[in-house]
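Heads up, the sequence shown is in this note's numbering, so the first residue is 63 and it goes up one at a time. Idealized CB from N, CA, C, for every residue including glycine. Note that the structure is predicted; figures quoted are calculated from it, not measured. Below is one structure, written out as structure tokens, with a few remarks after it.
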Amino acid sequence: MISQLFALPMLLLPAPIDQHAGIEPVSIHKQHWLEQRDTPTHPDLLRPTSPSGTPRGAATAPCGTVFGFLPYWESSANIRYDLITHLACFSVEVNADGSLGNDHGWPWTGVINEAHANGVKVILVATLFNGSAIDTLISSPTNRANFFANIKAKMLEGNADGLNIDFETGTTWQDEINDFMAELTAYLHAEIPGSEVTIAGPAVNWSNRWDLGGLAASCDGIFIMGYAFAGGWSSNTGANAPLTGGSINITDTVLDEYADALALYPDKLILGVPYYGHEWVTSSSSPGAAVNSFEGSTRFRDDQLAVQTFGRVWHTPSQTPWYRSQEGFSWRQVWYDDAESIGLKFDLAVNNGLQGVGMWALNYDGARPELWNEIEARFACAPTCCDMNCDGNVDVANDLPLFVDAIMNPTGYSGPGGCSIESADTNGDAIYDGRDVLGFVASLVE
């Protein structure tokens, strides 16, 4: 029987991970993929018309990048298209020889069409979670060329606007990944003009295997997987994505691990946050208790319900929430993130001038509004007149070509990073035509 929870003093947790020790935890993307290995693609993603999420209205659009991963096993029905800029479709699987494996029903026509109708860019995610296979792929010019050609065809098949590389596990291929990404980015820019090429990057530079500054230079952006600081490998319970505290945390990730990239390419960094948590069985109710067993990952949609029964506890050192329940002589602890802790991470991204934020994963919050509300509070804003690329300035070199494109092709216009076409409506009549040109010229004069 579950007992009443009671308050205990907050204790500073032992570090769940050892910085740079080389004991790299299992990727949560890989873990969830393995758990869902035999799950068919969610039927919502395979319909010719997608169940409608919330459309983007004329009044607001995200001010920065909001990059959401949508795994093939989740529904698209709860997506707020008005609050994201990039929809990362997870995934098409990659083989060592550059051929492609399971594409999980790609192209997801209904989802793609709805995203594009709302000015959201569709990003195809390419996954490979075997270290030796990654080595084989990127070390062979022939295998690289095969992959480049095959992934280009797959992108064109679904009218994708970009590609995200999610290669994880292994210890040797990081020496070659920057050259691989530079070659891939140049290839796709030439073959699919306007396409974006990003990579899922680590929260911790394990054993300093990565040149993260060079990685940022090699492509259009890095999605920092800002989570998995604790998990199935942990001997003590702890925060999945601590903002502060411990031997390393998300603040360290941004300011120290990515210091070189932050100094030169802050506009290429996207801070990913977790919409999931972890559950452990312990012999104690205290934070940082010794782990008896790891019970797996939770989802925000379930955690938010559970705390109504068990009570939410705030862990000040890590600035994250958790909850606990007693079963016989054992305790269960769940450490997760909610609107408050995720909002603090959003602030970290904004305050350091990052390109934006993202999440693993969409629909892990179900139909709940709390996390969308945090995005809206920090990133939704009315479009600025004539600032077509959302950089805070209006100039001929960057904004004029986009303005002309919007006027000439308003129905097919998709601005960079989801920047709204409404920025071209200089006279406020919701019609995009030559009458808006004078307003654009006036904005240059100002």
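**Q.** Enclosing alpha helix (DSSP H) for VAL466 [first to last residue]
**A.** Counting from 1 along the sequence shown, the entry for residue 466 is found at position 404. Taken as a continuous stretch (DSSP letters only), the alpha helix (DSSP H) holding VAL466 covers 458–470.
Q) From ARG386 to PHE362, what does the alpha carbon distance come to, in whole angstroms? A) What you label residue 386 is simply residue 324 of the sequence shown in a count that begins at 1. What you label residue 362 is simply residue 300 of the sequence shown in a count that begins at 1. The straight-line gap from Cα to Cα measures roughly 15 Å.
Q) Do you know offhand how far ALA292's Cα is from SER359's? A) Position 230 of the sequence shown, counted from the first residue, corresponds to residue 292. Position 297 of the sequence shown, counted from the first residue, corresponds to residue 359. Spanning the two alpha carbons is a distance of roughly 11 Å.
Q) Alpha carbon to alpha carbon, how far is ARG511 from THR234? A) With the chain represented from 63 up to 508, any question about residue 511 goes unanswered, as that position is not in the structure.
**Q.** Nearest-angstrom Cα separation, counted from GLY496 out to SER505
**A.** Within the sequence shown, the letter at position 443 stands for residue 505. Within the sequence shown, the letter at position 434 stands for residue 496. SER505 and GLY496: Cα-Cα distance of roughly 15 Å.
Q | For GLN81, three-class secondary structure by DSSP | A | If you number the sequence shown from 1, residue 81 lands on position 19. For GLN81, the pLDDT reaches just 47, beneath the cut-off of 50, and the residue's location in the model is therefore unreliable, although a value from the coordinates is still provided. DSSP places GLN81 in coil when its eight states are reduced to three.
Q) In or out: VAL182 buried (at least 16 other Cβ within 10 Å) or exposed? A) As a working note, residue 182 is residue 120 in the sequence shown. Classification for VAL182: buried.
**Q.** Distance, THR189 Cα to CYS151 Cα
**A.** Taking the sequence shown and counting its residues from 1, one reaches residue 151 at position 89. Taking the sequence shown and counting its residues from 1, one reaches residue 189 at position 127. Looking at the two C-alpha atoms, the distance is approximately 11 Å.
Q. In its own chain, which residues sit with a C-beta less than 7 Å from the C-beta of GLY84, not counting the 5 before and 5 after it?
A. To locate residue 84, count along the sequence shown from 1; it is residue 22. Here the model assigns GLY84 a pLDDT of 47, short of 50, so the residue's position is not dependable, and the following value carries that caveat. TRP268 and SER269.
Q | Cβ pair VAL88, PHE131 closer than 9 Å | A | To locate residue 88, count along the sequence shown from 1; it is residue 26. To locate residue 131, count along the sequence shown from 1; it is residue 69. Contact flag unset, no.
Q: Decide if SER476 is buried, meaning its Cβ has at least 16 other Cβ atoms within 10 Å, or exposed.
A: As a working mapping, residue 476 is identified with position 414 in the sequence shown. So SER476 ends up on the buried side.
Q) So what does DSSP say about MET243, is it helix, strand or coil? A) The residue given as residue 243 occupies position 181 in the sequence shown. Three-state DSSP puts MET243 in a helix.
Q. Excluding sequence positions up to five away, which residues of its chain have a Cβ less than 8 Å from the Cβ of THR344?
A. Taking the sequence shown and counting its residues from 1, the one referred to as residue 344 is at position 282. Around THR344: THR299, ALA351, ALA352, VAL353, ASN354, SER392, TRP393, ARG394 and GLN395.
Q: Below 7 Å CB to CB, which residues in the same chain sit around THR306 once its five sequence neighbours on both sides are set aside?
A: The sequence position of residue 306 within the sequence shown is 244, counting from 1. Result list for THR306: THR313, PRO379, SER380 and GLN381, in chain order.
Q) Between the beta-carbon of GLU155 and the beta-carbon of GLY167, is there less than 9 Å? A) In the sequence shown, the residue the question calls residue 155 occupies position 93. In the sequence shown, the residue the question calls residue 167 occupies position 105. Taking 9 Å as the Cβ cut-off, GLU155 and GLY167 do not qualify as a contacting pair.
Q: Rounded to whole angstroms, what's the CA-CA distance from GLY288 to LEU333? Just pull it up for me.
A: Within the sequence shown, numbered from 1, the residue matching residue 288 stands at position 226. Within the sequence shown, numbered from 1, the residue matching residue 333 stands at position 271. So the alpha carbons of these two residues sit roughly 6 Å apart.
**Q.** Cβ pair ALA207, PHE229 closer than 9 Å
**A.** Counted from its first residue, the sequence shown places residue 207 at position 145. Counted from its first residue, the sequence shown places residue 229 at position 167. Cβ atoms of ALA207 and PHE229: not closer than 9 Å.
Q. Between SER12 and GLY232, what straight-line distance do the alpha-carbon atoms span, to the nearest angstrom?
A. Absent from the structure is residue 12, since the part of the chain shown begins at 63 and ends at 508.
Q.
Could you compute how far the alpha carbon of ASN435 sits from the alpha carbon of SER202?
A. Position 373 of the sequence shown, counted from the start, is the residue given in the question as residue 435. Position 140 of the sequence shown, counted from the start, is the residue given in the question as residue 202. Between ASN435 and SER202, the C-alpha separation is close to 46 Å.
(Q) My output table needs one value for GLU230: the three-state DSSP class, helix, strand or coil. (A) The residue given as residue 230 occupies position 168 in the sequence shown. Correct three-state label for GLU230: coil.
**Q.** Cβ neighbours of ILE64 in the same chain (closer than 7 Å, five flanking residues each side left out)
**A.** Translated into the one-based positions of the sequence shown, residue 64 becomes position 2. Interpretation of ILE64 is limited by its pLDDT of 32, a score under 50 that renders its predicted location unreliable; the figure taken from the coordinates is listed afterwards. Same-chain partners within the cutoff: SER387, GLN388 and GLU389.
Q: Would you identify the three-state DSSP class for MET287, choosing helix, strand or coil?
A: As a working mapping, residue 287 is identified with position 225 in the sequence shown. For MET287, the secondary structure class from DSSP, reduced to helix, strand or coil, is strand.
(Q) Measuring straight from C-alpha to C-alpha, what distance separates THR111 and ILE141? (A) The sequence position of residue 111 within the sequence shown is 49, counting from 1. The sequence position of residue 141 within the sequence shown is 79, counting from 1. Distance between the alpha carbons of THR111 and ILE141: 14 Å.
Q: Name the two residues that bound the continuous alpha helix (DSSP H) containing GLN93.
A: Locating residue 93 in the sequence shown gives position 31, where the first residue counts as 1. Where GLN93 is concerned, the enclosing alpha helix (DSSP H) stretches over 90–97.
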